[in-house]
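K.L.:
Supplied in structure tokens, the structure appears directly below.
2 protein chains.
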Amino acid sequence: MNTLVVGSLAFDAVKTPFGQVERMLGGSATYFSLAASYFTPVRVVGVVGDDFGEAELAVFHERGIDTAGVERAAGKTFFWAGEYSENLNDRTTLDTQLNVFADFQPKIPAAYRDSEFLFLGNIDPELQRHVQQQMSAPVLVAGDTMNFWIQGKPQALRQTLEGIHTLVINDGEARLLSGEYNLLAAARKIHAMGPRTLIVKRGEYGALLFQDGRVFCAPAFLLETLCDPTGAGDSFAGGFMGALAECGSLEPAALRRAIIYGSVMGSFTVEQFGVERLRCLSRAEIDARFRAFRDLTHFE
Amino acid sequence: MNTLVVGSLAFDAVKTPFGQVERMLGGSATYFSLAASYFTPVRVVGVVGDDFGEAELAVFHERGIDTAGVERAAGKTFFWAGEYSENLNDRTTLDTQLNVFADFQPKIPAAYRDSEFLFLGNIDPELQRHVQQQMSAPVLVAGDTMNFWIQGKPQALRQTLEGIHTLVINDGEARLLSGEYNLLAAARKIHAMGPRTLIVKRGEYGALLFQDGRVFCAPAFLLETLCDPTGAGDSFAGGFMGALAECGSLEPAALRRAIIYGSVMGSFTVEQFGVERLRCLSRAEIDARFRAFRDLTHFE
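First to last, the protein sequences are chains A and B.
Heads up, the final residue of the first sequence is numbered 300 in this note's numbering, and it's a clean run with no missing numbers.
Heads up, the final residue of the second sequence is numbered 1300 in this note's numbering, and it's a clean run with no missing numbers.
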């Protein structure tokens, strides 16, 4: 099934204890689409500036990603700079330049409107709803949000949430959105806002899936060398949606497998800076790590 | 198989957002032995003061725990007072009165020396080694330690670790002991100190088992009502050792099951203050939660 992602395309500058990159391809839609591309056809809607060239687009095209929905605007591409703490658990934003992303008004090409799977990246909830209204009849609408929108546009976000089937956020966002510290209580409140399925990302502790009163707990993969956590959450979302789209089922067992595939893709992303690891994987490597997750968690 | 635990018997005063108890039965050996008692015969070595009466001993005897190794000394029983933060993740020690525990010199009764499973609770590493030397030939020696000993008696601790098969500590302790933040690297260094098996407790995020280059990740159970985290780690250790002793195997599959049983016992403990929940469980309740852990983690 076709998967459409709407989100940011960016250049990032990242410093971690393992090195520093002055300028590299980034953005939520970038990580999402590369991760999803190993499972399903992917279409991207986003905006880039004059500085986003053929080399950047080639990263998408090498993975067969459809970039006809990437709009080019006069100006510079969204730029983010950040630095991670020694244990990679905290990060400080050093610079954010929205540039062409500031006036982003996502337009869904006619050929994209029949996409069965839609992922609404972390953008203004009003734009998220506007995107959804342009779609014909998606089978699954999933989305992300962040504290900035939870606190800054609560009414718009609540309206958008009514149309989202699967919300993919981190634990801090789930607590802020629900006003509940306990995640079972938070999930119940968020279900009542619309999303029947809630996925809570917990960074180095993995992810939780809440649906129909059942909980599934996926660990994070233990790695000896973590290099750069940037994009891990978006890669998780891409692997999750891609694996779901590939199998074409929304049954609980399919969701669980998809969460693990999401965790697999996130674990690869952090192994190198930016998209370096994510762009050149093989399906055999992905499936081998999926089996490693089973070995990590199963007991008789 | 018989399981012997050496550790503290105490009175605790605990304040959490859900209430306050001025004085309740506590101590690592108490939680450990109650948890283990659902699986295996348990023997306790510890010291109590004049204030530790029949009512306290009855809690052990109701669970069939052998307290012939509990020494009575003149003075008061070890007392600890603490207060937990709103989300229960942090605690502040308000008072520690070692009392009779300050001069504790564990003496293993002759009838206990053939115990197949030995758990060395979190006491001075020199005393831990002294206990071990009194045993005839235990099948499994497991133990706990803490930052106080890691920093205060590093040489004695290293000697003790050489005789410990299975070390059960939390993530902060594993990092301090090894000097490594990454837990895979930490496990490798700790294996080299002696313990072939390392179990790392991560509080609300569950536990990790490191053995022979393989890792097993057990989640914590998600509870809507957590009341008091005191003793959860010791209950985990008791459930783990008890389940292992019951099945009599040290194979990887048995260790994984035992880790889950440990997690089950820890999850019950936090539901009420002190040992209130732990002392009156049924094996059916325990096995039902074991199955719930499988539902929480398994995927096809």
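For every residue, glycine included, the Cβ atom is placed at its ideal position computed from N, Cα and C.
1. Fully enclosed by the region 1197-1254 of chain B, which alpha helix (DSSP H) runs are 4 residues long or longer?
2. For the candidate residues Ala-1187(B), Leu-1255(B) and Thr-1225(B), whose alpha-carbon lies nearest to that of Gly-1213(B)?
3. Buried or exposed: Asn-1122(B), going by 16 or more other Cβ atoms within 10 Å of its Cβ?
4. Once you ignore the five residues that flank Pro-1229(B) on each side, which residues in its own chain have a CB closer than 6 Å to its CB?
5. Closest by CA to Glu-62(A), which one among Thr-30(A), Phe-78(A), Gly-46(A) and Ala-74(A)?
6. For the alpha helix (DSSP H) containing Tyr-1031(B), name the first residue and the last one.
7. Which same chain residues, not among the five before or five after Pro-125(A), have their C-beta less than 7 Å away from its C-beta?
8. Indicate whether Met-1(A) and Val-139(A) have their beta-carbon atoms separated by less than 8 Å.
9. What is the residue span of the beta strand (DSSP E) that Val-48(A) lies within?
10. Suppose the cutoff is 8 Å on Cβ atoms and the five residues either side in sequence are ignored; what does the same chain contact list for Glu-1251(B) look like?
11. Under DSSP, the alpha helix (DSSP H) around Gln-1097(B) begins and ends at which residues?
12. Please list, in chain order, all residues of the same chain as Gly-233(A) whose beta carbon is under 6 Å from its beta carbon, the five residues on each side excluded.
13. Between the alpha carbons of Ser-1136(B) and Thr-1166(B), how many angstroms are there, rounded?
14. Out of curiosity, what's the CA-to-CA distance linking Ala-284(A) and Thr-1096(B)?
15. For Glu-1071(B), list the residues DSSP reports as bridge partners.
16. Check whether chain A comes within 8 Å of Asn-1087(B), counting only Cβ atoms and requiring the distance to be less than that.
17. Report all residues from its chain with a CB closer than 6 Å to the CB of Ala-1245(B); omit the five preceding and five following residues, and keep chain order.
18. Considering only residues of the region 1090-1152 of chain B, which uninterrupted alpha helix (DSSP H) runs meet the minimum length of 4 residues and lie entirely inside it, listed in chain order?
19. Rank Gln-134(A), Ser-115(A), Glu-83(A) and Leu-281(A) by C-alpha distance to the C-alpha of Lys-107(A) and give the top, closest one.
20. When you compare the CB of Ala-1243(B) with every CB in chain A, is at least one pair closer than 8 Å?
21. For a contact defined as C-beta to C-beta under 9 Å, what are the partners of Ala-253(A) on chain B?
22. Quick one: list the residues of chain B neighbouring Val-215(A), beta-carbon separation under 8 Å, in chain order.
23. Along chain B, in chain order, which residues have C-beta atoms closer than 8 Å to that of Leu-183(A)?
24. Judging by CA-CA distance, which residue of Ala-1192(B), Gly-1075(B), Val-1005(B) and Phe-1293(B) is the nearest neighbour of Ile-1259(B)?
25. Between Arg-1277(B) and chain A, is any beta-carbon pair separated by less than 8 Å?
26. Terminal residues of the continuous alpha helix (DSSP H) containing Thr-297(A)?
27. Leaving aside the five residues before and after Tyr-1261(B) along the sequence, list all residues of the same chain whose C-beta is less than 8 Å from its C-beta, in chain order.
28. Would you say Tyr-1205(B) faces chain A, with C-beta separation under 8 Å as the test?
29. Would you check if there are 3 or more beta carbon pairs closer than 8 Å linking the region 1098-1115 of chain B to the region 1071-1088 of chain B?
30. Find the residues of chain B that neighbour Arg-158(A), judging by a C-beta separation of less than 9 Å, and give them in chain order.
31. So Ile-169(A) is in the beta strand (DSSP E); what residue range does that whole segment cover?
32. In chain order, what residues of the same chain have a beta carbon less than 8 Å from the beta carbon of Gly-236(A), not counting five sequence neighbours either side?
33. What I want to know is whether the C-beta of Leu-1120(B) ends up closer than 7 Å to one or more non-hydrogen atoms of the ligand NAP.
34. From Val-59(A) to Arg-279(A), what does the alpha carbon distance come to, in whole angstroms?
35. What residue range does the alpha helix (DSSP H) around Thr-1160(B) cover?
36. Ordered along the chain, which non-local residues of its own chain (more than five positions away) have a Cβ less than 6 Å from that of Thr-1016(B)?
P.N.:
In this structure, then:
1. 1232-1247
2. Ala-1187(B)
3. buried
4. Leu-1088 and Val-1270
5. Thr-30(A)
6. 1028-1036
7. Thr-145, Trp-149, Lys-153, Ala-156, Leu-157 and Thr-160
8. yes
9. 42-48
10. none
11. Premise fails: Gln-1097(B) lies in the beta strand (DSSP E), 1091-1097, not in any alpha helix (DSSP H).
12. Lys-201
13. 18 Å
14. 56 Å
15. Val-1047(B)
16. yes
17. Met-1001, Thr-1003, Thr-1040 and Phe-1117
18. 1125-1134 and 1147-1152
19. Gln-134(A)
20. no
21. Phe-1299 and Glu-1300
22. Leu-1222 and Leu-1296
23. Leu-1222
24. Phe-1293(B)
25. no
26. 283-297
27. Phe-1039, Gly-1239, Phe-1240, Gly-1242, Ala-1243, Ile-1286 and Phe-1290
28. yes
29. yes
30. Those do not exist, as Arg-158(A) stays about 24 Å from chain B at its closest Cβ, beyond 9 Å.
31. 166-170
32. It should be noted that the sequence gives Phe, not Gly, for residue 236(A). Hits under 8 Å: Ala-35, Val-168, Lys-201, Ala-207, Gly-262, Ser-263, Met-265 and Gly-266.
33. What this structure holds is no ligand at all, so the ligand NAP is not there to describe.
34. 7 Å
35. 1154-1161
36. Tyr-1084 and Asp-1228
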